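Numbering (my numbering), first residue to last: -15 to 143.
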């Protein structure tokens, strides 16, 4: 088993944290998004969308998408449990995972993909053809990130 990773990217970081919390030792293959390695033919054979992370199993099967990788690792290594035991725990964790992804990660991605020069023609992840960045989206993304952090801070203060 090995993890195709990118140290600076948030989704692979989530999987690395999950792996560490599980106490697993999974070899990593670094793929640089900034250098465009994820869009080169060798990596596109691993994931045709050019996205990271990807978990490669011993039989060559590839699992992409952060939550799918974490779910696989949870099922294959049930202890310590990180995704809930009871129906309510599982639902609460899944709900907050969705909030993090759609309200937090999407807003951060909007800022990064539309403000960093290396992404000027890579405005959307998972698209191998050029897509122009839209600098006007940076302000909207910044405001969305602030709102998300306020909600998250409120929720964390309650627990």
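Don't be surprised by glycine CBs; every beta carbon is placed ideally from N, CA and C.
Since this is a predicted model, take the numbers as computed values, not measurements.
- Where residue 53 is concerned, the enclosing alpha helix (DSSP H) starts and stops at 50 to 60.
- Spanning the alpha carbons of residue 54 and residue 137 requires a straight line of approximately 24 Å.
- Under DSSP, residue 47 shares a beta bridge with 39.
- Short of 8 Å from the beta carbon of residue 105, and not among the five residues preceding or following it, lie these beta carbons of its own chain, in chain order: 114, 115, 116 and 117.
- For residue 122, no beta strand (DSSP E) segment is defined; the enclosing uninterrupted segment is the alpha helix (DSSP H) at 121 to 142.
- When the five nearest sequence neighbours on each side are left out, the beta carbons in the same chain lying within less than 8 Å of the beta carbon of residue 30 are those of -12, 38, 40 and 46, in order along the chain.
- Counting the other Cβ atoms within 10 Å of the Cβ of residue 125 gives 16 or more, which makes it buried.
- Shown here, residue 21 sits in a helix according to DSSP, grouped into three states.
- Ranked by how close their Cα comes to the Cα of residue 35, the residues 44, 43 and 16 have 16 in first place.
- Within its own chain, the residues whose Cβ lies closer than 7 Å to the Cβ of residue 89, once the five positions on either side in sequence are excluded, are -6, listed in chain order.
- Secondary structure note for residue 14: it is in no alpha helix (DSSP H), and the uninterrupted beta strand (DSSP E) holding it is 12 to 14.
- Residue nearest to residue 1 within the set 66, 60, 23 and 133 is 66 (criterion: CA-CA distance).
- In the DSSP assignment, the residues bridged to residue -12 are 13 and 38.
- Boundaries of the alpha helix (DSSP H) harbouring residue 79: 71 to 83, taken from the DSSP string.
- With fewer than 16 other Cβ atoms inside 10 Å of its own Cβ, residue 71 counts as exposed.
- Shown here, residue 29 sits in coil according to DSSP, grouped into three states, outside any helix or strand.
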